[in-house]
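Read top to bottom, the protein sequences are chains H, D and F.
Those letters in the first sequence? Residues 11 to 348, by our numbering.
Those letters in the second sequence? Residues 11 to 348, by our numbering.
Those letters in the third sequence? Residues 11 to 348, by our numbering.
A quick write-up on the structure given underneath.
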Amino acid sequence: MSSPGMDEASSIQLCRVMLPDDANVMGNVHGGKILKMIEEAGSIVGTRHCNTQNGDRCIAALVRVEKTEFLSPVFIGEVVHVSAEISYTSKHSLEVQVKVIAENILTGAKKLANKAALWYVPCSLQNVDKIMEVPPIEYASAEKEEEGRKRYEAQKIERMETKARVEEVMPPRPNSERHTVGFSQSSLIHLVGPSDCTLDGFVYGGVAMKLMDEVAGIVAARHCNTNIVTASVDAINFHRKIRKGCVLTVTGRLTFVSNRSMEIEVLVDADSLVERQIEKYRAVSAFFTFISLDKENKPLNVPPLKIEGDDEQKRFEEGKSRYLQNKARRLAEKERQQ
Amino acid sequence: MSSPGMDEASSIQLCRVMLPDDANVMGNVHGGKILKMIEEAGSIVGTRHCNTQNGDRCIAALVRVEKTEFLSPVFIGEVVHVSAEISYTSKHSLEVQVKVIAENILTGAKKLANKAALWYVPCSLQNVDKIMEVPPIEYASAEKEEEGRKRYEAQKIERMETKARVEEVMPPRPNSERHTVGFSQSSLIHLVGPSDCTLDGFVYGGVAMKLMDEVAGIVAARHCNTNIVTASVDAINFHRKIRKGCVLTVTGRLTFVSNRSMEIEVLVDADSLVERQIEKYRAVSAFFTFISLDKENKPLNVPPLKIEGDDEQKRFEEGKSRYLQNKARRLAEKERQQ
Amino acid sequence: MSSPGMDEASSIQLCRVMLPDDANVMGNVHGGKILKMIEEAGSIVGTRHCNTQNGDRCIAALVRVEKTEFLSPVFIGEVVHVSAEISYTSKHSLEVQVKVIAENILTGAKKLANKAALWYVPCSLQNVDKIMEVPPIEYASAEKEEEGRKRYEAQKIERMETKARVEEVMPPRPNSERHTVGFSQSSLIHLVGPSDCTLDGFVYGGVAMKLMDEVAGIVAARHCNTNIVTASVDAINFHRKIRKGCVLTVTGRLTFVSNRSMEIEVLVDADSLVERQIEKYRAVSAFFTFISLDKENKPLNVPPLKIEGDDEQKRFEEGKSRYLQNKARRLAEKERQQ
Chain H
11 MSSPGMDEAS SIQLCRVMLP DDANVMGNVH GGKILKMIEE AGSIVGTRHC
61 NTQNGDRCIA ALVRVEKTEF LSPVFIGEVV HVSAEISYTS KHSLEVQVKV
111 IAENILTGAK KLANKAALWY VPCSLQNVDK IMEVPPIEYA SAEKEEEGRK
161 RYEAQKIERM ETKARVEEVM PPRPNSERHT VGFSQSSLIH LVGPSDCTLD
211 GFVYGGVAMK LMDEVAGIVA ARHCNTNIVT ASVDAINFHR KIRKGCVLTV
261 TGRLTFVSNR SMEIEVLVDA DSLVERQIEK YRAVSAFFTF ISLDKENKPL
311 NVPPLKIEGD DEQKRFEEGK SRYLQNKARR LAEKERQQ
Chain D
11 MSSPGMDEAS SIQLCRVMLP DDANVMGNVH GGKILKMIEE AGSIVGTRHC
61 NTQNGDRCIA ALVRVEKTEF LSPVFIGEVV HVSAEISYTS KHSLEVQVKV
111 IAENILTGAK KLANKAALWY VPCSLQNVDK IMEVPPIEYA SAEKEEEGRK
161 RYEAQKIERM ETKARVEEVM PPRPNSERHT VGFSQSSLIH LVGPSDCTLD
211 GFVYGGVAMK LMDEVAGIVA ARHCNTNIVT ASVDAINFHR KIRKGCVLTV
261 TGRLTFVSNR SMEIEVLVDA DSLVERQIEK YRAVSAFFTF ISLDKENKPL
311 NVPPLKIEGD DEQKRFEEGK SRYLQNKARR LAEKERQQ
Chain F
11 MSSPGMDEAS SIQLCRVMLP DDANVMGNVH GGKILKMIEE AGSIVGTRHC
61 NTQNGDRCIA ALVRVEKTEF LSPVFIGEVV HVSAEISYTS KHSLEVQVKV
111 IAENILTGAK KLANKAALWY VPCSLQNVDK IMEVPPIEYA SAEKEEEGRK
161 RYEAQKIERM ETKARVEEVM PPRPNSERHT VGFSQSSLIH LVGPSDCTLD
211 GFVYGGVAMK LMDEVAGIVA ARHCNTNIVT ASVDAINFHR KIRKGCVLTV
261 TGRLTFVSNR SMEIEVLVDA DSLVERQIEK YRAVSAFFTF ISLDKENKPL
311 NVPPLKIEGD DEQKRFEEGK SRYLQNKARR LAEKERQQ
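Okay, here's the thing in structure tokens:
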């Protein structure tokens with residue numbers, strides 16, 4: 011991933027052996043584990059870059075992860091290599107591109123497991139509400155810079171649009187019938203601990219993503235009662251920072267099911283246990299897509315979703331349109347590569 | 011568990027997938043893991059409730075866990091649901107009742123794994139030695155309130171009684187013969203880390219309970235060399251708070267063995283490494299009961315305990331009387347339910 | 011660290027942000043955490059290299075870590091970079107050299123935190139008692155190869171010598187007087203879990219080293235009641251492999267104290283809980299040196315050690331001679347560098 015014109019400070023490589031706790035009982039490493047490593051690399055490279063200038067020291071806070079696909083499953087015992095580099099800088103934000111390679115050290119086989127793009131903004135450590143300026147990077151070519159600018163503009167528009175749907179809540183749905191949305195809807199609660207946080211008491215974006223993947227996985231497994239794995243994650247927007255000492259409520263529900271995939275909407279709400287003046291607020295929201303696998307890791311059919319009421323129908327239609335768009339995009343990419 | 015008249019702040023539900031590290035090599039989830047989750051739920055609901063009023067911000071500190079039984083084994087891959095709600099408030103303490111359900115998300119099967127009752131007192135964050143007042147809850151009925159008051163009075167008396175035996179020590183017993191008390195007696199030390207603590211530097215009660223279960227499990231396994239699991243825990247009293255920077259010494263020894271069960275006494279001592287003026291003190295004590303299982307999770311016979319000396323004989327008799335009492339109580343409950 | 015003539019398979023770089031859980035309450039990252047990362051890098055590069063040939067698939071099992079020094083303290087929030095490369099291969103063993111750099115991503119400052127050399131032997135996955143042959147590496151020069159051969163011969167002799175003292179035991183020492191050896195002697199037990207192990211059920215050497223550092227740190231803190239950090243570790247020999255399902259007993263005691271440092275001997279015994287035919291055996295032994303620091307991370311004086319009996323006096327003299335040798339070696343190195 012290193013390209014000429016990039017200085018050393020703008021890239022990093024991290025790697026780790028995958029252990030049993032990183033995986034489900036079938037040995038498939040959780041998508042959430044990979045997302046967490048991706049964000050760790052992004053936050054190192056982002057924070058390091060933003061401090062290569064005079065002025066307040068700052069941390070890079072994650073504001074958005076672009077849509078990402080899990081291209082190959084990763085297994086226990088494999089070594090995961092995550093390489094990250096800064097690919098675009100605007101005045102107040104920067105884009106990090108990350109590549110995940112899984113290596114089987116017994117056979118030497120390597121496979122591309124994931125590719126992702128993350129957006130960060132630098133927050134001053136003196137005053138976390140102050141956004142700092144980002145030192146510009148040098149581009150390998152004018153085209154590279156222009157492509158980056160386009161990605162920057164596109165995500166800006168999309169982030170505006172998501173703000174609208176952020177206020178929705180998911181009421182609990184006890185005693186629902188099998189294969190309905192209510193049947194598999196799930197919530198978990200996580201008390202934020204010291205190791206979930208940066209030095210300054212803000213929760214790493216990767217911690218939230220790992221929890222979101224965990225809930226989405228429970229929803230998917232409840233719906234189809236098989237071994238399930240994360241196939242992709244739609245753009246994730248981090249609306250507000252989460253502080254140390256909060257309780258996170260992470261809720262997931264099925265929105266759409268195709269023959270071979272399940273789309274799960276996941277919402278993260280943050281709530282201070284101690285400070286009454288801080289109201290519970292929506293911190294993150296995203297759509298996860300899971301697939302169901304048999305014992306040889308071959309895809310299985312997914313039971314259809316029983317829709318109840320107009321709201322569920324509306325969300326199903328929206329999910330279907332996301333599904334069809336993604337399918338069309340993948341086909342177009344395949345053709346382009348041939 | 012939600013009942014009319016309870017406001018949202020007085021209940022919580024948390025859930026988590028059980029991972030390989032939560033379990034022993036046979037796939038049985040450690041009882042200590044379940045106890046830790048129970049206490050996490052209790053401390054969230056307790057802390058939240060005590061802060062629903064004006065005055066100092068405070069944390070709910072665990073002072074007692076009532077006797078609790080592990081009703082069904084829990085396995086790796088299952089989703090554990092812990093629901094907690096406040097069931098009684100006195101002027102300076104509150105009771106939280108917790109229910110643990112284990113769900114196999116592949117088969118949809120659910121089983122009740124544990125039920126527990128915990129007592130908390132609110133400590134001011136300004137001054138941890140100041141006990142705050144607890145906002146009263148509303149009861150579903152006058153009977154519910156009266157039952158709570160009785161539980162409150164009963165635990166108060168029992169806590170007084172345990173204070174007496176709190177000063178005992180367990181000297182080490184090297185080179186003991188197989189199946190004696192000395193042979194399986196075990197100790198561990200644990201340096202309290204940031205993640206063991208609340209924001210204010212006090213160790214979560216659940217952390218101590220998990221360590222206690224760990225030591226008790228090693229004692230039991232050393233005695234019978236088989237797969238062992240926690241069957242029940244006698245009332246646990248938290249005599250004093252444990253601070254960040256302490257070393258905990260957790261020691262367990264067999265007190266009584268029946269055909270099918272082992273009773274292990276566990277003591278927790280806290281020792282400040284840094285502040286010399288704080289002397290080593292007894293922080294927690296309890297009795298754990300373990301059973302031995304074969305590969306199909308069927309109970310096995312336990313080797314008899316070789317008693318040496320009058321002290322061991324005395325403790326054996328006391329353990330036997332607890333064992334017979336519990337047996338009688340369980341029989342009575344069974345008959346009542348028929 | 012990459013040098014010409016080395017193929018990609020013989021080196022690796024891993025990095026991680028240090029979190030509160032990796033450090034003590036003063037923010038100093040535990041030496042054991044660094045040792046664990048060093049061994050993770052060594053075992054990846056070693057296992058990968060040994061599988062670059064036909065024949066049985068194998069894992070690289072750690073047999074020895076050469077004496078290593080902690081050159082600068084590492085703090086929470088710093089990014090630790092661990093780079094490892096194979097520096098020598100004999101017929102049945104290989105040497106990995108590892109360098110640890112700590113980077114402050116806010117200031118950009120980097121410092122060398124540790125340098126270590128580890129020896130591995132490849133064990134067949136079909137039959138763990140079968141030692142495989144190691145594919146030879148290419149050396150940058152004939153001198154490099156000759157230097158490696160000398161290190162190989164030297165460690166072979168030293169490993170023989172340590173075998174002799176392996177059988178010693180540390181009896182418990184209750185109720186000892188302050189500043190004696192018995193007063194600070196400490197033990198922990200650890201039940202080996204899945205995440206401590208390779209896929210094949212063998213405990214990573216780094217797991218044992220982390221536990222050893224933990225016990226040594228508690229011994230040191232009990233002796234001087236201050237903030238203590240690992241200064242160096244004498245050669246560690248891994249006498250026998252440790253299996254999943256074992257209980258490890260890790261015991262540490264002071265052997266020697268100078269004005270400014272404490273030497274702690276640490277022994278690791280493994281005990282199978284399930285298989286009765288496997289007797290408890292000595293798995294690892296080593297000497298750790300700790301220093302005491304004030305709030306500005308400046309070294310403090312250490313209270314003298316009260317020696318009781320001839321055995322303690324003998325160990326004290328041996329410790330003193332190791333201390334003087336190391337001091338002389340360091341001085342010689344300093345002069346050579348000027």
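All C-beta atoms in this analysis are idealised placements derived from N, C-alpha and C, irrespective of residue type, glycine included.
_Strictly below 7 Å CB to CB, what residues from chain F border G255/D?_
The count along the second sequence starts at 1 and reaches residue 255/D at position 245. Within 7 Å Cβ-Cβ: V35.
*Can you tell which of T208/D, L72/D, E95/D and G192/D has its C-alpha closest to the C-alpha of M180/D?*
Here residue 180/D refers to the residue found at position 170 of the second sequence. Ranking the options by Cα distance to M180/D, first place goes to G192/D.
*asked:* In this structure, how does DSSP classify H233/D when only helix, strand and coil are distinguished?
replied: Within the second sequence, residue 233/D is the residue found at index 223, counting from 1. H233/D: helix per DSSP, three-state reduction.
_When you compare the region 65–80 of chain D with the region 194–213 of chain H, are there three or more beta-carbon pairs, one atom per stretch, that lie closer than 8 Å?_
These segments do not touch.
*By the criterion of Cβ-Cβ separation under 8 Å, what are the contact partners of T57/D in chain H?*
If you number the second sequence from 1, residue 57/D lands on position 47. The answer, in chain order, is L283 and V284.
*Is the Cβ-Cβ distance between R253/D and R292/D less than 9 Å?*
Stepping through the second sequence from its first residue, residue 253/D is reached at position 243. Stepping through the second sequence from its first residue, residue 292/D is reached at position 282. Taking 9 Å as the cut-off, the beta carbon of R253/D is found no closer than this to the beta carbon of R292/D.
_Excluding the 5 residues flanking D304/H on each side, which residues of the same chain have their C-beta closer than 6 Å to its C-beta?_
Numbered from its first residue, the first sequence carries residue 304/H at position 294. Within the same chain, D304/H has close Cβ partners L310.
_Closer than 9 Å to chain F by CB, A231/D_ = Counting from 1 along the second sequence, the entry for residue 231/D is found at position 221. Yes, its Cβ sits closer than 9 Å to a Cβ of chain F.
_Beta-carbon within less than 6 Å of T261/H's beta-carbon, same chain only, minus the 5 sequence neighbours each way: which residues are those?_
Position 251 of the first sequence holds residue 261/H. M180, S197 and L277, listed in sequence order.
*Is it true that the CB of G329/F sits closer than 9 Å to the CB of F266/F?*
By 1-based counting over the third sequence, the position of residue 266/F is 256. By 1-based counting over the third sequence, the position of residue 329/F is 319. G329/F sits close to F266/F, with the two beta carbons spaced by under 9 Å.
*Should S134/D and D31/F be called a contact, given that it needs their Cβ atoms to be closer than 9 Å?*
Looking up residue 134/D in the second sequence gives position 124. Looking up residue 31/F in the third sequence gives position 21. It is not a contact, given that the beta carbons lie outside the stated cut-off.
*So which of G216/H, V92/H and M222/H has the shortest CA-CA distance to I22/H?*
The count along the first sequence starts at 1 and reaches residue 22/H at position 12. With respect to the C-alpha of I22/H, the residue from G216/H, V92/H and M222/H having the closest C-alpha is V92/H.
_Residue nearest to S186/H in terms of C-alpha spacing, selected from L201/H, L315/H and L29/H_ = Here residue 186/H corresponds to residue number 176 of the first sequence, with the count starting at 1. Selected option, being the one with the closest Cα: L315/H.
*Check whether the Cβ of S205/H lies closer than 9 Å to any Cβ atom in chain F.*
Position 195 of the first sequence, counted from the first residue, corresponds to residue 205/H. Under the Cβ distance rule, S205/H counts among the residues neighbouring chain F, one pair being separated by less than 9 Å.
*asked:* I want to verify the contact list: residues of chain F whose CB lies under 9 Å from the CB of N235/D, in sequence order.
replied: Mapped onto the second sequence, residue 235/D falls at position 225. Within chain F, the residues whose beta carbon sits less than 9 Å from that of N235/D are S282, L283, V284, E285 and R286, listed in sequence order.
_According to DSSP, Y130/H sits in a beta bridge with which residue or residues?_
As a first step, residue 130/H is located in the first sequence; it is residue number 120 there, counting from the start. Y130/H is bridged to L72/H and L104/H.
*If I'm right that N336/D touches S295/D with Cβ under 8 Å, what's the distance once you round it to whole angstroms?*
The sequence position of residue 336/D within the second sequence is 326, counting from 1. The sequence position of residue 295/D within the second sequence is 285, counting from 1. So it is not a contact: roughly 18 Å between Cβ atoms.
_Residue ranges of each beta strand (DSSP E) within the region 185–242 of chain F, 3 or longer_ = Qualifying beta strand (DSSP E) stretches, in chain order: 196–201.
_Using a 10 Å radius around the Cβ and a threshold of 16 neighbouring Cβ atoms, would you call I167/H buried or exposed?_
In the first sequence, counting from the first residue as 1, residue 167/H sits at position 157. Counting Cβ neighbours within 10 Å, I167/H comes out exposed, since fewer than 16 surround it.
_Same chain, Cβ closer than 8 Å to L116/F, five either side skipped, listed in chain order_ = Residue 116/F sits at position 106 when you count from the first residue of the third sequence. Answer for L116/F: G87, listed in chain order.
*Can you name the residues of chain H whose CB is closer than 9 Å to the CB of C25/D?*
Within the second sequence, residue 25/D is the residue found at index 15, counting from 1. Those within 9 Å of C25/D in chain H are S196, S197, L198, I199, V225 and I228.
_Taking only three categories from DSSP, how would you classify P181/H?_
Within the first sequence, residue 181/H is the residue found at index 171, counting from 1. In the three-state scheme derived from DSSP, where H, G and I count as helix and E and B as strand, P181/H is classed as coil.
*asked:* Rounded to whole angstroms, what is the Cα-Cα separation between R339/F and V55/D?
replied: As a working mapping, residue 339/F is identified with position 329 in the third sequence. As a working mapping, residue 55/D is identified with position 45 in the second sequence. Distance between the alpha carbons of R339/F and V55/D is about 59 Å.
*Given that P30/H touches chain D, what residues does it touch there, using C-beta distances under 8 Å?*
The residue labelled residue 30/H in the question sits at position 20 within the first sequence. For P30/H, the residues of chain D that pass the 8 Å Cβ criterion are L29, P30 and D31, in the order they occur in the chain.
*From the DSSP output, in three-state form, read off R26/F for me.*
To locate residue 26/F, count along the third sequence from 1; it is residue 16. Of the three classes helix, strand and coil, the one that applies to R26/F here is strand, per DSSP.
*Are the beta-carbon atoms belonging to V131/H and A33/H less than 9 Å from one another?*
Within the first sequence, numbered from 1, the residue matching residue 131/H stands at position 121. Within the first sequence, numbered from 1, the residue matching residue 33/H stands at position 23. Between V131/H and A33/H, the gap from beta carbon to beta carbon reaches 9 Å or more.
_On the criterion of 16 or more Cβ atoms from any shown chain inside 10 Å, does N64/D qualify as buried, or is it exposed?_
Your numbering for residue 64/D matches position 54 in the second sequence. Burial call: exposed.
_Between I274/F, I44/F and R169/F, which has its C-alpha nearest E322/F's C-alpha?_
Taking the third sequence and counting its residues from 1, the one referred to as residue 322/F is at position 312. When the alpha-carbon of E322/F is set against those of I274/F, I44/F and R169/F, the nearest one is in I274/F.
*How big is the Cα-Cα spacing for G41/F and L128/F?*
Counted from its first residue, the third sequence places residue 41/F at position 31. Counted from its first residue, the third sequence places residue 128/F at position 118. Rounded to whole angstroms, G41/F to L128/F spans 16 Å at the Cα level.
*asked:* Would I141/D and H59/D be called neighbours here (beta carbons separated by less than 9 Å)?
replied: Counting from one through the second sequence, the residue named residue 141/D turns up at place 131. Counting from one through the second sequence, the residue named residue 59/D turns up at place 49. No, the pair does not count as a contact, with Cβ atoms beyond the cut-off.
*Using a Cβ cut-off of 9 Å, which residues of the region 39–50 of chain H contact any Cβ in chain F, in chain order?*
Per Cβ criterion, the list reads E50.
*asked:* Please tell me whether V106/D and A150/D are closer than 9 Å, where the distance is taken between their beta carbons.
replied: Indexing the second sequence from 1 puts residue 106/D at position 96. Indexing the second sequence from 1 puts residue 150/D at position 140. No, Cβ-Cβ distance for V106/D and A150/D is not below 9 Å.
*Looking at the unbroken beta strand (DSSP E) that takes in L277/F, where does it start and where does it end?*
Reading the third sequence from its first residue, position 267 is the one you call residue 277/F. Its beta strand (DSSP E) spans residues M272 to S282.
_Test: V217/D CB closer than 9 Å to a CB of chain F_ = Locating residue 217/D in the second sequence gives position 207, where the first residue counts as 1. Answer no: the Cβ-Cβ gap between V217/D and chain F never drops below 9 Å.
*asked:* Can you check whether the C-beta of P184/F is within less than 9 Å of a C-beta belonging to chain D?
replied: Numbered from 1 along the third sequence, position 174 holds the residue referred to as residue 184/F. It does; some Cβ of chain D falls within 9 Å.
_Can you pull out the residues from the region 90–123 of chain D whose beta carbon lies closer than 8 Å to at least one beta carbon of chain H?_
So the close ones are I115, L116, T117 and G118.
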